[in-house]
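*Asks:* Would you mind keeping the following structure in view while I ask a few things?
Residue numbers (our numbering): -13 to 164.
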């Protein structure tokens, strides 16, 4: 969509006239009060300190957004959702933690958390009013893009108590819910 300003049209990434840029920067400076807008429009370079500061802010913001997106990706994965279903449907675990349950972000630096194309192992921090702990999840699938199958799910409370939530039966292909 073309933007008309002072007789100059700007479309997409096509460069605008110098007058348009100057008028826009004056408006931007007036409206938002940023001194940076003036230095962005001038031919003089920004001082190194400001460049480092803005680069640091941009890098920090990018890292925070990336961290959030990775957490969302994990929380939407079927192996993650299946494990939480096991936790929510297990009365002993709910009694030990108390309700309501809080599921916290994964520690991405924890070496236990591992996902590849065929296997997934997670250590999900959970807490409730009575206690807190970690939900350990082991899951696999036969081939890429196939359905994930839980192998084992257990809750380890902070006092060391382990509550098994799910383990497949060895006798046949039935699922054993503990």
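Beta carbons are placed, not taken as given, at the ideal position from N, Cα and C, and that holds for glycine.
What you are looking at is a predicted structure, and each value in this text was computed from that prediction instead of being measured.
Check whether the segment 77 to 88 touches the segment 46 to 64, counting contact only when three or more Cβ pairs, one atom from each stretch, lie closer than 8 Å.
*Replies:* In short, these stretches do not touch, since the Cβ pair count stays below three.
*Asks:* Residues in its own chain within less than 8 Å of residue 130 by CB, not counting five upstream and five downstream?
*Replies:* What you label residue 130 is simply residue 144 of the chain shown in a count that begins at 1. Taken in chain order, the residues that qualify are 103 and 104.
*Asks:* Taking Cβ positions, are residue 89 and residue 108 nearer each other than 8 Å?
*Replies:* What you label residue 89 is simply residue 103 of the chain shown in a count that begins at 1. What you label residue 108 is simply residue 122 of the chain shown in a count that begins at 1. No.
*Asks:* Would you call the segment 64 to 80 and the segment 35 to 54 touching, i.e. three or more CB-CB distances under 8 Å?
*Replies:* Verdict: no, contact absent.
*Asks:* At 3 residues or longer, and completely inside the segment 53 to 132: list those beta strand (DSSP E) runs for me, N to C.
*Replies:* Entirely contained in the segment 53 to 132, the beta strand (DSSP E) runs reaching 3 residues are, in chain order, 105 to 113 and 118 to 126.
*Asks:* Are the beta-carbon atoms belonging to residue 121 and residue 68 less than 8 Å from one another?
*Replies:* On the chain shown, position 135 is the one that residue 121 refers to. On the chain shown, position 82 is the one that residue 68 refers to. Contact: no.
*Asks:* Leaving out five residues before and five after residue 60 in sequence, what residues of the same chain have Cβ atoms less than 7 Å from its Cβ?
*Replies:* The sequence position of residue 60 within the chain shown is 74, counting from 1. Cβ within range, chain order: 66 and 92.
*Asks:* Under three-state DSSP, which class holds residue 153?
*Replies:* Stepping through the chain shown from its first residue, residue 153 is reached at position 167. Residue 153: strand per DSSP, three-state reduction.
*Asks:* With burial defined as no fewer than 16 other Cβ atoms inside 10 Å of the residue's Cβ, what is the status of residue 141: buried or exposed?
*Replies:* Walking along the chain shown from the start, residue 141 turns up at place 155. Answer is buried; the Cβ neighbour count reaches 16.
*Asks:* Helix, strand or coil for residue 148, going by three-state DSSP, please let me know.
*Replies:* In the chain shown, counting from the first residue as 1, residue 148 sits at position 162. Looking at residue 148 - three-state DSSP - the assignment turns out to be strand.
*Asks:* With C-beta atoms as the reference, is residue 119 less than 8 Å away from residue 144?
*Replies:* Along the chain shown, one-based indexing puts residue 119 at 133. Along the chain shown, one-based indexing puts residue 144 at 158. Yes, they are a contact pair.
*Asks:* Comparing C-alpha positions only, which one of 4, 63, 33 and 37 sits nearest to residue 135?
*Replies:* Taking the chain shown and counting its residues from 1, one reaches residue 135 at position 149. Residue 63 is the option with its Cα nearest to residue 135.
*Asks:* Assuming residue 137 contacts residue 126 (C-beta within less than 8 Å), just tell me the rounded distance between them.
*Replies:* Counted from its first residue, the chain shown places residue 137 at position 151. Counted from its first residue, the chain shown places residue 126 at position 140. That pair is a contact at about 6 Å.
*Asks:* Among 117, 70 and 33, which has the Cα closest to the Cα of residue 147?
*Replies:* Counting from 1 along the chain shown, the entry for residue 147 is found at position 161. Among 117, 70 and 33, the Cα nearest to that of residue 147 is on 117.
*Asks:* Got a sec? Which residues, its chain only, sit under 7 Å from residue 151 by beta carbon, not counting five neighbours each side?
*Replies:* Working through the chain shown from its first residue, we reach residue 151 at position 165. Closer than 7 Å at the Cβ level, and outside the excluded window around residue 151, lie 72, 73, 76, 79, 139, 140, 141 and 164.
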